[in-house]
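Okay, structure first, notes after.
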Amino acid sequence: MSDKSKRGGLLRGNIGVMILTSGIWTLAGSMTGPFFSLYVLELGGNYVDIGLISALGALIRVLPSLLGGYLADSVGRKRMVYSMSFLLSLNQLLYAFAPHYEFLLIAISLDALWGGLRGPAFSAIIADSTRPENRALSYAVWQIVPPLFGLLSPYMIGVLMDRYGILRAMRWAYLAVFVASSIASLLRYKLLEETLPPENRRGTGLRKALRETFSDFKVTFKSLPKQLWVMLGVNFILNFAYSLCGPYFVTYAKDEIGLTAAQWGFISTIITLIGTGVRLPAAWASDRYGRLKFILPSLFLMPITFFLFMNAEGFSQVMMIRGAMAALDSLQGPAGSAILIDFSPREHRGRINAIVGVSGGLLSSAGSLMGGVLYQEVSTEAPFFTASALLSAGAVYALLALKEPREREE
């Protein structure tokens, strides 16, 4: 990491640039994310189609993530981040003008391609810009500040949905994402600094990258410490569990509980505020007192909130339960991100992030498809019951196998 990127604490250098640009992106992106499942339904899809679209994106992301991990460690982090950000920005136009839900399959596929190529470099440039003594705090700031830019966005677009309809409002929202993300991509091109030293960076062509990707990953696999494998195992269980029901919180709230789009948007705003209030002090304490004190309690309590959500009645109860979910996620989020970096050697970090992305993509693909089938063919509660059981299993596994890192990687 250059001296310039180290100066001025957490909010300067690359971390500051990534926080600012992700915040600008989130300003508009927060209007679409909470309501994507409703957009699929408005374009003629059903609940299985929601899972299929999510699964396709996760599956296609696998190979680009592998290649992206190699490119992040060879051509550099910055080039991959800004170039793929521009392509992701252009892709928002496909979402905005989709005539039918099947058209979203094209958009999600391109999203997966560009996002997969960018993901390892995106994660690595942030990881490289943190220091062991304040790593969890750095991740907390990174996870907290960008969502604040979009604090009111879900509620505002929800109001527009209730007034003008979901379809029209979502098209407006995707056009806004295109504008905001274009600005963010330009700023990344202008302001980011490379964190991979020149002596470790090798220019490469596509053919060479494809040939060397798999051979270089063998070295990375051999270098992974046992505890990193344990943490990856926990992440894999959680990833699959969340993908089962993630797309269906909003549909369950709308169809089974009776919430309006504006109410769901307001809840999204509230949980962002709760996350902000919990994440920073939890991160500071994690850096000082250890990671597991914050990871384990959250893992054991989260399954309970899923059962409560399925039995919620009305806006107030949903808001309290979703608030509890946000608090638990914020309690363990910075510590979970930091402990992965604590165990990851810097020279393999891009490829480790690729391994996480690829494995997560495969699991998300299977989970999303399974969740859609469970939701439509079994019952609307089935994905949540299954996810809760898996989360409980992941918590027990973490309790038995995961240890506090003795030393934290730079």
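Quick note: the sequence shown uses numbering that gives the first Met the number 0, first residue 0, plus one each step. Every residue gets a Cβ at the ideal spot worked out from N, C-alpha and C, and that includes glycine. Note that the coordinates shown come from a computational prediction; the quantities given were computed from them, not determined experimentally.
Around the Cβ of G164, a 10 Å sphere holds fewer than 16 other Cβ atoms; the residue is exposed.
Selection F34, A388, G313, E403 evaluated against L159 yields F34 as nearest (Cα-Cα).
Secondary structure at A311: coil, using DSSP grouped into helix, strand and coil. Annotated three-state conformation of V74 is coil, per DSSP. The segment 50-62 makes no contact with the segment 178-186; the number of CB pairs closer than 8 Å stays below 3.
Buried is the label assigned to N13, since at least 16 other Cβ atoms lie within 10 Å of its Cβ. Taking C-beta atoms as the reference points, L362 and N238 count as a pair closer than 7 Å. The count of Cβ pairs closer than 8 Å, one atom from the segment 48-60 and one from the segment 109-116, reaches three, so the stretches are in contact. In this structure the segment 23-31 touches the segment 169-183; the number of beta carbon pairs closer than 8 Å is three or more. The Cβ atoms of Q375 and V39 lie no closer than 7 Å to each other. Going by DSSP, A281 is part of the alpha helix (DSSP H) stretching over 260-288. The beta carbon of L190 lies closer than 6 Å to those of V16 in the same chain, with the five residues before and after it left out. Proximity of the segment 93-101 to the segment 128-144 falls short of the contact definition, fewer than three beta-carbon pairs being nearer than 8 Å. Taking one beta carbon from each stretch, the segment 82-98 and the segment 144-151 have fewer than 3 pairs nearer than 8 Å; the two do not touch.
In terms of Cα proximity to I105, the closest of E403, Q316, N90, R117 is N90. Rounded to whole angstroms, G75 and R130 show a C-alpha spacing of 20 Å. For A27, the enclosing alpha helix (DSSP H) begins and ends at 12-28.
At least 7 Å separates the beta-carbon of G371 from that of G44. Fewer than three beta-carbon pairs drawn from the segment 247-263 and the segment 387-403 are found closer than 8 Å, and the two stretches are therefore not classed as touching. Under the 8 Å Cβ criterion, the segment 266-279 counts as touching the segment 324-340, having at least three qualifying pairs. Exposure of S378 is indicated by the presence of fewer than 16 other C-beta atoms within 10 angstroms of its C-beta.
For I125, the enclosing alpha helix (DSSP H) has its first and last residue at 102-127. With a threshold of 16 other beta carbon atoms within 10 Å, P196 falls short and is exposed.
Annotation: the continuous alpha helix (DSSP H) that includes P382 extends over 381-400. Looking from the CA of V395, the closest CA among F314, L300, M309 belongs to L300. Annotation: Q375 is outside any alpha helix (DSSP H) and is labelled neither H nor E by DSSP. Ranking L37, L150, S21, I18 by CA distance to the CA of G245 puts L37 first. Taking all protein chains shown into account, R117 has 16 or more neighbouring C-beta atoms within 10 Å of its C-beta and is therefore buried.
CA-to-CA, the gap between I303 and Y241 works out to about 14 Å. Residue range 46-59 is occupied by the alpha helix (DSSP H) that includes A57.
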